[in-house]
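Undergrad: Got a structure here, written out as structure tokens. Questions coming.
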Amino acid sequence: MHNNPILRISTKILFAPIILFGLYVQFHGDFGPGGGFQAGVIVASAFILYSLVFGIEAGKKLFPPNVNLILLALGGIVYGGVGIVSMILGDEFLAYNILGSSPQSGQHIGILLVEFGVGLTVSNVMIALFNAFASYDKVKEK
Amino acid sequence: MISELLINAFLVTIMLSIAIALIKTRTVIFTVILTSAYSLVAALMFITLDAVDVAFTEASVGAGISTILFLAAMAYLPKKEEESISSEVIPALSCIILGGILIWCSFDLPEIGQLTAPIHQHIAPEYIRGSKEDIGIPNIVTSVLASYRGYDTFGETIVVFTAGVAVLALLEKKNTTKKNKSQPKQEIRKNA
């Protein structure tokens, strides 16, 4: 696959729009279909496409595995952190009303952050899974 | 109404033929690709039910990423499934009986979209009204997912995280132990 010009060039053309679409799905989830789960998968698919066409090593150079693992955990921390912050501000866990000046803007901020946490975790889990499978050493046990 | 019926019949026919092809095929790559196609048709089914968010998830997760992950994992499997040696009569019989019971039960289900159905009486009206007033978001699915049911989504995120970490732990560990053992072997292979 590394030497097929059609695949290489179309991957280069498609890479940025896929991520852009992922971000649109992520942050437009309040108004249209979409949200963290779908957006995370779409963003991950851009990186996986890159790894498929240019090889797993190039993919790891583009998105280093240690950054991947940190972001993987960070998503859950962002989600839980929103809950903790709302607790510190004096409301219940994951009650967003207190986060903004009005209850509605608080809900907006809370949902946006929470969905961002979901997207972060999902996309990085998918990339990590693909990397783990693709770089798993196949040693025949004979 | 008629057009909806036609579309549903069309989709169900495709789904059935994919399912039959899935039973027949013994090649692993065809199984993976047919499962992906099945997910795509299921996503279309969800669109006809006006569940756009679910359709989106099904298309991206079911038809997209899980196919890639299956293909990546498939590299470690034999190319063909083994022919099963046990009898296929009992599994077929239990499938037919279970399917028959499910179809029989489906006659008691309320019609799709009926307002008086129990599912639309319990807490759904509160969410539909509240989504506009309390949360101010046009997409009710997002407001239920992220706000009303924030705890559940938090749990889901942690499940995804845990599953990812578990797979990583399993594969990474084998990777390092095997690498140490097979270092000389790999060099030989490279030279050859």
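If you read the sequences in order, they're chains U and H. Heads up, the first sequence is in this note's numbering, so the first residue is 206 and it goes up one at a time. Heads up, the second sequence is in this note's numbering, so the first residue is 26 and it goes up one at a time. Where is the CB? At the ideal position from N, CA and C, for every residue including glycine. It should be emphasised that the depicted structure is a prediction, and the values quoted were computed from it without experimental measurement.
1) For A337 (chain U) and F259 (chain U), what's the separation of their Cα atoms in angstroms?
2) Which residues of the stretch 274–285 of chain U have a Cβ closer than 9 Å to any Cβ of chain H? Give them in chain order.
3) So is A97 (chain H) buried or exposed if we call it buried at 16+ other beta carbons inside 10 Å?
4) Measuring only the C-alpha atoms, how far is T167 (chain H) from G234 (chain U)?
5) Counting only Cβ pairs nearer than 9 Å, list the residues of chain H close to D296 (chain U).
6) If you follow the alpha helix (DSSP H) that L36 (chain H) is part of, which residue opens it and which one closes it?
7) Taking only beta-carbon positions, decide if A333 (chain U) is within less than 8 Å of chain H.
8) Among U:S250, U:F232, U:G280, which one has its Cα closest to the Cα of A84 (chain H)?
9) Does DSSP classify K104 (chain H) as helix, strand or coil?
10) Within the chosen definition, does the stretch 151–162 of chain H reach the stretch 303–319 of chain U through at least 3 CB pairs nearer than 8 Å?
11) Could you pull the DSSP bridge partners for T52 (chain H) from this structure?
12) Taking the Cβ atom as the reference point for each residue, do A171 (chain H) and E320 (chain U) lie within a distance shorter than 8 Å?
13) Please list, in chain order, all residues of the same chain as F71 (chain H) whose beta carbon is under 8 Å from its beta carbon, the five residues on each side excluded.
14) At a CB-CB cut-off below 8 Å, which residues of chain U make contact with E197 (chain H)?
15) So with CB distances below 9 Å, who are the chain H contacts of G260 (chain U)?
16) Just verifying my parser: in three-state terms, what is the DSSP assignment at R174 (chain H)?
17) Give me the chain H residues within the contact set of G237 (chain U), using Cβ-Cβ distance strictly less than 7 Å, ordered along the chain.
18) Can you check whether the C-beta of L299 (chain U) is within less than 8 Å of a C-beta belonging to chain H?
19) Under the rule that 16 or more other beta-carbon atoms within 10 Å means buried, what is K347 (chain U), buried or exposed?
20) Drop a sphere of 10 angstroms on the beta-carbon of S156 (chain H), count the other beta-carbons inside from all chains shown, and report buried for 16 or more, exposed for fewer.
21) Return the residues of the stretch 143–174 of chain H that lie within a Cβ-Cβ distance of less than 9 Å from chain U, sorted by chain order.
TA: For this structure:
1) 17 Å
2) Those residues of the stretch 274–285 of chain U that come within reach of chain H (Cβ to Cβ, closer than 9 Å) are L274, L277, A278, G280, G281, Y284, G285.
3) buried
4) 7 Å
5) Chain H residues near D296 (chain U): none, gap ~12 Å exceeds 9 Å.
6) According to the DSSP assignment, L36 (chain H) belongs to the alpha helix (DSSP H) that extends over 27–49.
7) yes
8) U:S250
9) coil
10) yes
11) H:K105
12) Less than 8 Å separates the beta-carbon of A171 (chain H) from that of E320 (chain U).
13) V77, V79, A80, E83
14) Correct list: A337.
15) Simply none; closest approach about 13 Å.
16) coil
17) N164
18) Closer than 8 Å: yes.
19) In this predicted model, K347 (chain U) has a pLDDT of only 36, less than 50, meaning its place in the structure is not dependable; the value taken from the coordinates is given anyway. Per the 10 Å Cβ criterion, exposed.
20) buried
21) Within the stretch 143–174 of chain H, the residues whose Cβ lies closer than 9 Å to any Cβ of chain U are, in chain order, E158, D159, I160, G161, I162, P163, N164, V166, T167, S168, L170, A171, S172.
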